[in-house]
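Novice: By the numbering used here, the letter at position 138 of the sequence shown is numbered 138, and the numbering carries on one by one without gaps.
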Amino acid sequence: MKDSTVINQVLILFLIIGVGYYGRKRNIINGEINKGLNKILLELTLPMMIVSSFDYTFSSEIMINIVKIFIYSLVIHIFLIIISILPYIKFDKDKRDILRFITIFSNCGFMGYPVLGSIYGKIGILYASIFNIPSNIFMWSFGVMLFSKNKKSKGLKNILLNPGILAVFIGVFLFIFSIKLPKPIYSTLKSVGDVTTPLSMIIIGAMIGDISFKKVFKEISIYYASFIRLVLVPLTIYFILNMLDVDFMVRNVVVIVEAMPAAALSAIFAQAYNKKPEFASQAVFITTLLSVITIPAVLKLLG
Numbered sequence: 001m002k003d004s005t006v007i008n009q010v011l012i013l014f015l016i017i018g019v020g021y022y023g024r025k026r027n028i029i030n031g032e033i034n035k036g037l038n039k040i041l042l043e044l045t046l047p048m049m050i051v052s053s054f055d056y057t058f059s060s061e062i063m064i065n066i067v068k069i070f071i072y073s074l075v076i077h078i079f080l081i082i083i084s085i086l087p088y089i090k091f092d093k094d095k096r097d098i099l100r101f102i103t104i105f106s107n108c109g110f111m112g113y114p115v116l117g118s119i120y121g122k123i124g125i126l127y128a129s130i131f132n133i134p135s136n137i138f139m140w141s142f143g144v145m146l147f148s149k150n151k152k153s154k155g156l157k158n159i160l161l162n163p164g165i166l167a168v169f170i171g172v173f174l175f176i177f178s179i180k181l182p183k184p185i186y187s188t189l190k191s192v193g194d195v196t197t198p199l200s201m202i203i204i205g206a207m208i209g210d211i212s213f214k215k216v217f218k219e220i221s222i223y224y225a226s227f228i229r230l231v232l233v234p235l236t237i238y239f240i241l242n243m244l245d246v247d248f249m250v251r252n253v254v255v256i257v258e259a260m261p262a263a264a265l266s267a268i269f270a271q272a273y274n275k276k277p278e279f280a281s282q283a284v285f286i287t288t289l290l291s292v293i294t295i296p297a298v299l300k301l302l303g
């Protein structure tokens with residue numbers, strides 16, 4: 001894909017974020033509506049998009065890539081969990097926990113899928129959904145522990161019953177056994193799944209609309225964490241995977257997912273556990289805003 005096409009695709013996503021922002025500022029989308037949209041995305045459109053992306057006849061090459069991406073995701077998340085305390089060791093605990101969370105977890109579901117889908121089509125979404133399995137497991141276990149005072153995480157059963165994870169399992173089953181869904185069912189899944197990209201951008205835009213611009217640009221610590229999240233992490237992974245001579249497509253998917261801004265769930269968890277929710281929302285906003293520059297730069301690097 002040409003550089004101009006990639007930049008245009010990313011620009012379209014951010015223009016849709018602007019639509020969500022406008023809708024929130026005009027109160028077309030209020031807090032309750034945005035929560036409802038969030039639920040529709042996580043439990044309906046996103047799972048359907050994931051299942052429809054597995055519409056491939058079984059291929060040993062794709063299966064090998066699936067296994068590799070799962071292993072890379074597992075290793076990357078364990079590494080980031082261990083190492084992420086060092087850059088923020090001097091910050092107070094609440095800020096440190098939020099900054100660690102945004103360093104470990106990228107916004108794969110809301111932004112990674114749309115970006116990869118726009119560049120590589122459904123195979124990009126397929127691979128990203130595999131990468132997201134370890135991410136979700138760690139997010140709902142270690143991630144919740146960062147925000148929760150009683151340090152209790154969601155049980156593994158609850159994590160695995162997440163609609164997005166279930167959709168991956170269904171998709172992998174269909175792929176391994178080369179099961180082709182009847183055309184009306186596949187078309188329904190694809191049509192509803194196609195709503196995910198614009199809907200996710202609108203939700204992010206509406207979330208940004210709740211942030212006070214008087215305060216949002218004053219937190220220097222967020223710029224520091226943004227550099228780590230958007231530049232240092234993806235570049236480090238890029239150079240390591242290059243040294244390991246990893247397959248071009250696998251490398252690109254992993255790096256692009258890790259080049260995404262902070263996971264939107266950081267703001268949602270912060271609000272749920274009353275742990276500096278405004279600071280977490282600012283972190284999501286700043287990393288999302290800066291990613292307008294960094295994502296095209298990373299894509300240019302990947303060629």
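In this text, a Cβ means the ideal position worked out from N, Cα and C, and glycines have one as well. Bear in mind the structure is a predicted one, so any value in this text is a computation, not a measurement.
1) When the distance is taken between beta carbons, is Val284 closer than 8 Å to Leu44?
2) Measure the beta-carbon distance from Gly112 to Ile256 and round it to whole angstroms, keeping in mind my assumption that it falls under 8 Å.
3) Roughly how many whole angstroms lie between the Cα atoms of Ile211 and Glu219?
4) What do you get for Glu258, buried or exposed, if any count of 16 or more other CB atoms within 10 angstroms of its CB means buried?
5) Taking the alpha-carbon of Leu74 as reference, which of Lys39, Met139 and Tyr56 has the nearest alpha-carbon?
6) Taking the straight line between their C-alpha atoms, what separation do you get for Tyr307 and Pro87?
7) Pull up the distance between the alpha-carbon of Ile12 and that of Ser266, whole angstroms please.
8) Ends of the alpha helix (DSSP H) at Asn68?
9) Pairs of beta-carbons, one from the region 50–62 and one from the region 166–182, closer than 8 Å: are there three or more?
10) Quick one: grab the DSSP three-state call for Ala262.
11) On the DSSP letters alone, give me the boundaries of the alpha helix (DSSP H) that Met145 sits inside.
12) Going by CA-CA distance only, name the one from Phe91, Phe279 and Gly121 that's closest to Gln9.
13) In whole angstroms, what separates the C-alpha of Ala206 from that of Ala262?
14) I need the boundaries of the alpha helix (DSSP H) containing Asn27, first residue and last residue.
15) Three-state secondary structure (DSSP) at Ser106?
16) Please check the pair Ser226 and Leu41, which I expect to be a contact at CB under 8 Å, by giving their CB distance rounded to whole angstroms.
17) Per the contact definition of three or more C-beta pairs closer than 8 Å, is the region 28–35 in contact with the region 86–100?
18) Span of the alpha helix (DSSP H) holding Leu301?
19) Helix, strand or coil: how does DSSP classify Gly18 here?
20) Taking only the alpha-carbon atoms, compute the straight-line gap between Ile204 and Ala280 and give it to the nearest angstrom.
21) In angstroms with no decimal places, state the Cα-to-Cα distance between Gly164 and Ile50.
22) Less than 6 Å between C-beta atoms, sequence neighbours within five positions excluded: which residues of the same chain meet that for Asn132?
23) Below 8 Å between beta carbons: does that hold for Ser53 and Gly143?
24) How would you label Ser84, buried or exposed, when you count the other beta carbons within 10 angstroms and need 16 or more for buried?
25) So the alpha helix (DSSP H) Ile137 belongs to, where does it begin and stop?
26) Taking all protein chains shown into account, do 16 or more other C-beta atoms lie within 10 angstroms of the C-beta of Met48, making it buried, or fewer, making it exposed?
27) Mark Pro114 as exposed unless 16 or more other C-beta atoms lie within 10 angstroms of its C-beta, in which case mark it buried.
28) I need the DSSP call for Tyr171, collapsed to helix, strand or coil.
29) Per DSSP, what kind of secondary structure is Lys215 in: helix, strand or coil?
30) With a cut-off of 8 Å on the beta carbons, I'd call Val168 and Ile123 a contact; round off their distance for me.
31) To the nearest angstrom, how far is it from the Cα of Asn162 to the Cα of Pro134?
Specialist: According to the structure shown:
1) no
2) 7 Å
3) 13 Å
4) buried
5) Met139
6) A question about residue 307 goes unanswered here, because the residues of the chain that appear run from 1 up to 303.
7) 24 Å
8) A quick correction: the sequence has Lys, not Asn, at residue 68. Taken as a continuous stretch (DSSP letters only), the alpha helix (DSSP H) holding Lys68 covers Ser60 to Ile83.
9) yes
10) strand
11) Val144 to Phe147
12) Gly121
13) 16 Å
14) Taken as a continuous stretch (DSSP letters only), Asn27 belongs to no alpha helix (DSSP H), as it is neither H nor E.
15) strand
16) With 8 Å as the limit, Ser226 and Leu41 do not qualify as a contact, their Cβ atoms being about 24 Å apart.
17) no
18) Pro277 to Leu302
19) helix
20) 13 Å
21) 8 Å
22) Cys108
23) no
24) buried
25) Lys122 to Phe138
26) buried
27) buried
28) Checking the sequence, you will find Gly at residue 171 rather than Tyr. In this structure, Gly171 counts as helix in the three-state DSSP scheme.
29) helix
30) With 8 Å as the limit, Val168 and Ile123 do not qualify as a contact, their Cβ atoms being about 14 Å apart.
31) 13 Å
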